[in-house]
Ligand code: 5RP
């Protein structure tokens, strides 16, 4: 691996081989998502606990100070919205030149395997990988499901992740599912877990993150289940303990409760 690529990968994946990415990119197709209406307010308290931010250029410029940030994974796919016909019909929205100008450590793009736009999204990934490799910028592929959340099973996710890795993604972001080992084992690139819509309890989040880590994920890219929680700092600290200190779900819950009960720890 070239020095630049290796250095950027090291900014993202920590010395223990694990990573906690904080995605705040949801507005690129959802608009002002709940609790992300004012991105700066959401991001600032969580920033010290994130290994990287997954973010669009617009929110990066408007809501993150350049002298106080974490490594950036720039969301570079989009062009669709919740109001439109098909979320899968994405293109590349941001050039590699812009990613370099913004000092991104990586770029991220969604792929939509099985959709009407499967081919376009996979060719977009391939093109982005070609450009990223030229400049030493890793590409993170996001195995997106659009509105079809029920697609999140091991068979589908294993196929999507494997295809993303075959096309050259340096990191693959997917969802947790039952039999997650089938997803992680079949993917030669490091796999990280997204959360999807907020689940019912904090413990559920700790359990799926822990299970995914035990079964081969190297970390998380967890958004709504952190910043839509009533106590986001408590949540990110608890998840950080699972990712970087091998904490059990019960230990994570204890961390959550103790941080939650500290004054000013919203
Ligand atoms: C949105 C994304 C998000 O980065 C991803 O879904 C992770 O966030 P969450 O944990 O909220 O699902 O790709 O387009």
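In our numbering, the protein residues as written are -14 to 251.
Beta carbons: idealized from backbone N, C-alpha and C, even for Gly.
These numbers were taken from a predicted model, which means no experiment stands behind them.
Ligand 1 heavy atom lying under 7 Å from the CB of residue i
{"i": "residue 4", "result": "no"}
{"i": "residue 39", "result": "yes"}
{"i": "residue 127", "result": "yes"}
{"i": "residue 11", "result": "yes"}
{"i": "residue 8", "result": "yes"}
{"i": "residue 179", "result": "yes"}
{"i": "residue 53", "result": "no"}
{"i": "residue 225", "result": "no"}
{"i": "residue 209", "result": "yes"}
{"i": "residue 206", "result": "yes"}
Anticipated Cβ contact below 8 Å, residue i with residue j, distance rounded
{"i": "residue -10", "j": "residue 123", "result": "6 Å"}
{"i": "residue 180", "j": "residue 207", "result": "4 Å"}
Collapsed DSSP secondary structure at residue i in the structure displayed
{"i": "residue 159", "result": "strand"}
{"i": "residue 60", "result": "strand"}
{"i": "residue 7", "result": "strand"}
{"i": "residue 39", "result": "strand"}
{"i": "residue 201", "result": "coil"}
{"i": "residue 91", "result": "strand"}
{"i": "residue 122", "result": "coil"}
{"i": "residue 31", "result": "helix"}
{"i": "residue 174", "result": "coil"}
Span separating the alpha-carbon of residue i from that of residue j
{"i": "residue 227", "j": "residue 29", "result": "22 Å"}
{"i": "residue 161", "j": "residue 32", "result": "24 Å"}
{"i": "residue 75", "j": "residue 112", "result": "14 Å"}
{"i": "residue 116", "j": "residue -14", "result": "15 Å"}
{"i": "residue 164", "j": "residue 139", "result": "6 Å"}
{"i": "residue 39", "j": "residue 64", "result": "17 Å"}
{"i": "residue -8", "j": "residue 154", "result": "16 Å"}
{"i": "residue 6", "j": "residue 100", "result": "27 Å"}
{"i": "residue 169", "j": "residue 230", "result": "20 Å"}
Residues that DSSP places opposite residue i in a beta bridge
{"i": "residue 128", "result": "96"}
{"i": "residue 206", "result": "6, 179"}
{"i": "residue 76", "result": "63"}
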